[in-house]
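J.:
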Amino acid sequence: MAETKKRGRRWAPIHPVNTHAGHLAQFLRHQVDTSGKTLAVLAGEVGYSKSQVSSLLGGRIPPRRFVIALISATVPNPLHERRQAEALRLLHDAEHPPRTSASTVPAQAGAVTLAQTQADQIQVYERLTRALEQEGELRKAAENSARLIWVLLGMVNRLDDRVRVLSGERDRLARQVAGGTVEAAEMRLIRAEEQKAKAESELRRAEEKKKQAESLADRLREEIEVLTDELDRLRGDGPSPHDDLPRQDVRLYEGPTGDAEADDIDTALARAAAVNDEDSDTIDRISTEITGGPAMVETVPVIVPDNAPTSPDVANKPAAQLKQEAEAAAESGNAAEAAFLYGALATLTSAYLGARHTDSLNHRDFHAEWTGEAGDPATARDLHANLIEDHTHALGPDHEHTLTSRNNHAYWTGEAGDPATARDLHAALVTDRTRILGPDHEHTLISRNNHANYTGEAGDPATARDLHAALVTDRTRILGPDDNDTLLSRHNHAHWTGRAGAPATARDLHANLIEDHTHALGPDHKDTLDSRHEHAYWTGEAGDPATARDLYAALVTDRTRILGPVHKDTLLSRNNHANYTGEAGDPATARDLHANLVEDLTHALGPDHKDTLDSRHEHRRWEKEAGKPPLAG
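The sequence shown begins at 248 in this note's numbering and counts up one residue at a time.
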């Protein structure tokens, strides 16, 4: 039997509380369908659970913040304001429906409506009762874990003392006697060390279970509030079934007190493990009922292994603190520090949770990215290659994270000096993303952009030009002419047009882009300045060095004001301004401009940096053109 074409998500029927609520639900569902996002993805972006999103899109009157969050998550910027206004108008109509005279409603229809309302009340009441029961179980598990944590902390401290005492006793006996007495002391010490390791392991488990239980209970509390509001709406002014909802009696497990003797310690540890096991079963059961899978933990507060750190005391920091410092380093742009910290975090989580655990994969991905940003693209390439294999094994070849790893691997392959392989990798990714996500998906378009660029870098600028021309057409259709990605594609198309041998056309394309970038982003935006740089360059390449010189002079002034005198973009504009000054017939001024540039590059980058050496070479060239012998050295 032939397979029919897929038509997307199959929504449940809408059961609106009024006609306007139905219109709002249809409108919001359309935005979700258009965005291509799944409910699972949306849930994380709007701050509601998947079941809450589904329920709120089923005909209920959603909260205003939900509507605003959903529009923000599903509608791109050019249409966002208009769609939000329309959604809020529909929400207002749903919240304030026109009143219908009771005399106009037939008695039979009223009876049917009443029966349906009562049935809905019963259904919501049952769901609310179950949610309260689950919340009570989770709160009990969290309290058990909290109590157990205190017990285990005390046990670990006592075992520290016990190990220290037994170690001293063994050493004392070893100096005084020999034979079985020393061996017995050694066995007691080994047993105490094993008990300490066991206590620390159970302590970590208790901390995990407490975090899991609290997270799930908070999630259920939100669901309970939604269900309570729904029940209030359904009952109107009548009695509420949830007036008599059960109150949960949370009985705390009395944790073991422990004893100094080893047998009592073993008994206490066994009881601690039993509590952890029981709570783990409860949490995983409720998590499966709510989310479809067992509970996961975001971070595990264990100690970082002893690595050679670049920041103080990294080896003894908890994982949560290590993650916080890695994020801070990334936020500040300290690529080397971020790469090191994420590398330590990836090593830790891989050792404790496994290399293919979600947390491990995320930390490994950040480690790879910041390794590349720190100036080691070859290692970043290899790290992403390993990530592709593990993402494929853990999530499947068509999962978005697997595809993202392939994109990053292709990018760093190109940055490592192999544009031809990067081109081929991106070509394969374009094919797969088109099949999985569709030709108009944002990630498919990004892959097409990357494929076009590396096609040009691999030595085929004409094909790169044509690929970008097609992408300009598609992005204009999908995103609009003023979208940043559309403007980026126009920039790349103009660039490769010039590289393909048409500098005058490239000049004119960039001239148009300057106007559109200024209108969309402002005159001081980086993209506007980049377009001015390209326009000046292709003006010179088209045979007008004097105009190129003047354009670069103005750009140097603006980039110095906006970015500073030693920013890399400012230095590049100063280099080109000096060269086109010489090309326009003034080699002496070009010589002097390069002399100043060499001094600033040496100060900013060092005397042996490639840009410093290139500028020194240009200085000598224009010095020779100006009729003076080159400087020694």
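No residue lacks a Cβ here, since even glycine has one placed at the ideal position from N, Cα and C.
Since this is a predicted model, take the numbers as computed values, not measurements.
Flag this pair as yes or no: are the beta carbons of Ala586 and Ala641 separated by less than 8 Å?
T.: Here residue 586 refers to the residue found at position 339 when the sequence shown is read from its first residue. Here residue 641 refers to the residue found at position 394 when the sequence shown is read from its first residue. No, the Cβ-Cβ distance between Ala586 and Ala641 is not below 8 Å.
J.: Assuming Thr663 and Arg628 make a contact with CB atoms under 8 Å, what is their CB distance in whole Å?
T.: Here residue 663 is taken as the residue at index 416 of the sequence shown, counted from 1. Here residue 628 is taken as the residue at index 381 of the sequence shown, counted from 1. Note that residue 663 is Ala in the sequence shown here, rather than Thr. Confirmed, about 5 Å.
J.: With Leu338 and Val314 assumed to form a contact (beta carbons below 8 Å), what rounded beta-carbon distance in angstroms separates them?
T.: As a working note, residue 338 is residue 91 in the sequence shown. As a working note, residue 314 is residue 67 in the sequence shown. That belief holds up - the Cβ atoms of Leu338 and Val314 are roughly 5 Å apart, short of 8 Å.
J.: I believe His688 touches Ala699 by the beta-carbon criterion, under 8 Å. Please report the beta-carbon distance rounded to the nearest angstrom.
T.: Taking the first residue of the sequence shown as 1, we reach residue 688 at position 441. Taking the first residue of the sequence shown as 1, we reach residue 699 at position 452. Wrong, their Cβ atoms sit about 17 Å apart, outside the cutoff.
J.: Look at the alpha carbon of Leu768 and the alpha carbon of Ala758, and state the distance between them as a whole number of angstroms.
T.: Here the question's residue 768 lines up with position 521 in the sequence shown. Here the question's residue 758 lines up with position 511 in the sequence shown. Answer to the nearest angstrom: the Cα atoms are 15 Å apart.
J.: Are the CB atoms of Asp597 and His631 nearer to each other than 8 Å?
T.: Mapped onto the sequence shown, residue 597 falls at position 350. Mapped onto the sequence shown, residue 631 falls at position 384. Checking the displayed sequence, the identity of residue 597 turns out to be Ser instead of Asp. The answer is no: Cβ separation not under 8 Å.
J.: For the alpha helix (DSSP H) containing Lys284, name the first residue and the last one.
T.: Taking the sequence shown and counting its residues from 1, one reaches residue 284 at position 37. Segment: none, Lys284 is in no alpha helix (DSSP H) and carries neither H nor E.
J.: Leaving out five residues before and five after Ala272 in sequence, what residues of the same chain have Cβ atoms less than 7 Å from its Cβ?
T.: Position 25 of the sequence shown, counted from the start, is the residue given in the question as residue 272. Ile261, Pro263, Leu304, Gly305 and Gly306.
J.: Shortest alpha-carbon distance to Thr710 belongs to which of Arg746, Leu317 and Leu734?
T.: Working through the sequence shown from its first residue, we reach residue 710 at position 463. The shortest C-alpha separation from Thr710 is found at Arg746.
J.: Restricting to Cα atoms, I'd like to know which of Thr720, Ile396 and Ala615 is closest to Arg451.
T.: Along the sequence shown, read from residue 1 onward, the residue named residue 451 stands at position 204. Nearest option by C-alpha distance: Ile396.
J.: Give me the Cβ distance between Asp816 and Leu760, rounded to the nearest whole Å; I'm assuming they're in contact under 8 Å.
T.: Residue mapping note: residue 816 aligns to position 569 of the sequence shown, counting from 1. Residue mapping note: residue 760 aligns to position 513 of the sequence shown, counting from 1. Wrong, their Cβ atoms sit about 17 Å apart, outside the cutoff.
J.: So Ala753 and Trp785 are supposed to be a Cβ contact under 8 Å. How far apart are they, rounded?
T.: As a working note, residue 753 is residue 506 in the sequence shown. As a working note, residue 785 is residue 538 in the sequence shown. Rounded, the Cβ-Cβ distance is 4 Å, consistent with contact.
J.: Determine the DSSP secondary structure at His604, reduced to helix, strand or coil.
T.: To locate residue 604, count along the sequence shown from 1; it is residue 357. Correct three-state label for His604: coil.
J.: Could you name the residues of the same chain whose beta carbon sits closer than 7 Å to that of Ser862, not counting the 5 residues immediately before and after it, in chain order?
T.: By 1-based counting over the sequence shown, the position of residue 862 is 615. Excluding positions up to five away in sequence, the list reads Asn822, His841, Leu844, Val845 and Leu848.
J.: Give me, in chain order, the residues of the same chain whose beta-carbon lies closer than 8 Å to that of Leu802; leave out the 5 immediate sequence neighbours on both sides.
T.: Position 555 of the sequence shown holds residue 802. Hits under 8 Å: Leu776, Arg779, His780, Ala783, Ser820 and His824.
J.: Exposed or buried, which one is Ser302 when buried takes at least 16 other CB atoms within 10 Å?
T.: Along the sequence shown, read from residue 1 onward, the residue named residue 302 stands at position 55. Buried, since its Cβ has 16 or more Cβ neighbours within 10 Å.
J.: From this set, Asp858, Asp833, Lys857 and Ala851, which residue's C-alpha is nearest Lys871's C-alpha?
T.: Here residue 871 is taken as the residue at index 624 of the sequence shown, counted from 1. Selected option, being the one with the closest Cα: Asp833.
J.: Please report how far the alpha carbon of Ile635 lies from the alpha carbon of Thr649, in whole angstroms.
T.: As a first step, residue 635 must be located in the sequence shown, where it is residue number 388. As a first step, residue 649 must be located in the sequence shown, where it is residue number 402. Ile635 and Thr649: Cα-Cα distance of roughly 6 Å.
J.: Taking its Cβ as the centre, do 16 or more other Cβ atoms sit within 10 Å of His267, making it buried, or is it exposed?
T.: Position 20 of the sequence shown, counted from the first residue, corresponds to residue 267. Looking at its Cβ environment, which holds 16 or more other Cβ atoms inside 10 Å, His267 is buried.
J.: Quick one, are the C-beta atoms of Gln278 and Thr321 less than 8 Å apart?
T.: Working through the sequence shown from its first residue, we reach residue 278 at position 31. Working through the sequence shown from its first residue, we reach residue 321 at position 74. Cβ atoms of Gln278 and Thr321: closer than 8 Å.
J.: Between Ser448, Asp679 and Gly790, which lies nearest to Pro644 when the distance is taken from Cα to Cα?
T.: Start at 1 with the first residue of the sequence shown, and residue 644 comes out as number 397. When only C-alpha atoms are compared, the closest one is Asp679.
J.: CB Ala789 to CB Ala835, shorter than 8 Å?
T.: If you number the sequence shown from 1, residue 789 lands on position 542. If you number the sequence shown from 1, residue 835 lands on position 588. Contact: no.
J.: From which residue to which residue does the alpha helix (DSSP H) around Ile683 run?
T.: Position 436 of the sequence shown, counted from the start, is the residue given in the question as residue 683. Run containing Ile683: Pro666 to Leu684, per the alpha helix (DSSP H) assignment.
J.: What do you reckon, are the CB atoms on Ala432 and Glu416 nearer than 8 Å?
T.: Locating residue 432 in the sequence shown gives position 185, where the first residue counts as 1. Locating residue 416 in the sequence shown gives position 169, where the first residue counts as 1. Closer than 8 Å, so yes.
J.: Can you find the residues in the same chain that come closer than 6 Å, C-beta to C-beta, to Asn655, ignoring five residues on each side of it along the sequence?
T.: Locating residue 655 in the sequence shown gives position 408, where the first residue counts as 1. Only His631 meet the Cβ criterion.
J.: Measure the alpha-carbon distance for Asp479 versus His343 and round it to whole angstroms.
T.: Here residue 479 refers to the residue found at position 232 when the sequence shown is read from its first residue. Here residue 343 refers to the residue found at position 96 when the sequence shown is read from its first residue. If you take the alpha carbons of Asp479 and His343, they lie about 17 Å apart.
J.: Measure the beta-carbon distance from Ala464 to Arg386 and round it to whole angstroms, keeping in mind my assumption that it falls under 8 Å.
T.: On the sequence shown, residue 464 is found 217 positions in, with the first residue counted as 1. On the sequence shown, residue 386 is found 139 positions in, with the first residue counted as 1. 6 Å between Cβ atoms; contact.
J.: Would you report the Cα separation of Leu317 and Gly269, rounded to the nearest angstrom?
T.: Counting from one through the sequence shown, the residue named residue 317 turns up at place 70. Counting from one through the sequence shown, the residue named residue 269 turns up at place 22. About 16 Å.
J.: Taking Cβ positions, are Thr660 and Leu672 nearer each other than 8 Å?
T.: As a working note, residue 660 is residue 413 in the sequence shown. As a working note, residue 672 is residue 425 in the sequence shown. Yes, the pair counts as a contact, with Cβ atoms nearer than the cut-off.
J.: Under 7 Å Cβ to Cβ from Gly590, same chain only, skipping five residues before and after it: list those, please.
T.: As a working note, residue 590 is residue 343 in the sequence shown. His614, listed in sequence order.
J.: Taking only three categories from DSSP, how would you classify Val719?
T.: Residue 719 sits at position 472 when you count from the first residue of the sequence shown. Of the three classes helix, strand and coil, the one that applies to Val719 here is helix, per DSSP.
J.: Hey, could you find the ends of the alpha helix (DSSP H) Leu234 is sitting in?
T.: Shown here, the chain extends from 248 to 880; a query on residue 234 therefore has no answer.
J.: Closest to Ala669 by C-alpha separation, out of Glu704, Ile683 and Thr639, would be which residue?
T.: Position 422 of the sequence shown, counting from 1, holds the residue named residue 669. Nearest of Glu704, Ile683 and Thr639 to Ala669, Cα basis: Glu704.
J.: Tell me the residue span of the alpha helix (DSSP H) that contains Leu692.
T.: The count along the sequence shown starts at 1 and reaches residue 692 at position 445. Element bounds for Leu692: Glu689 to Glu704.
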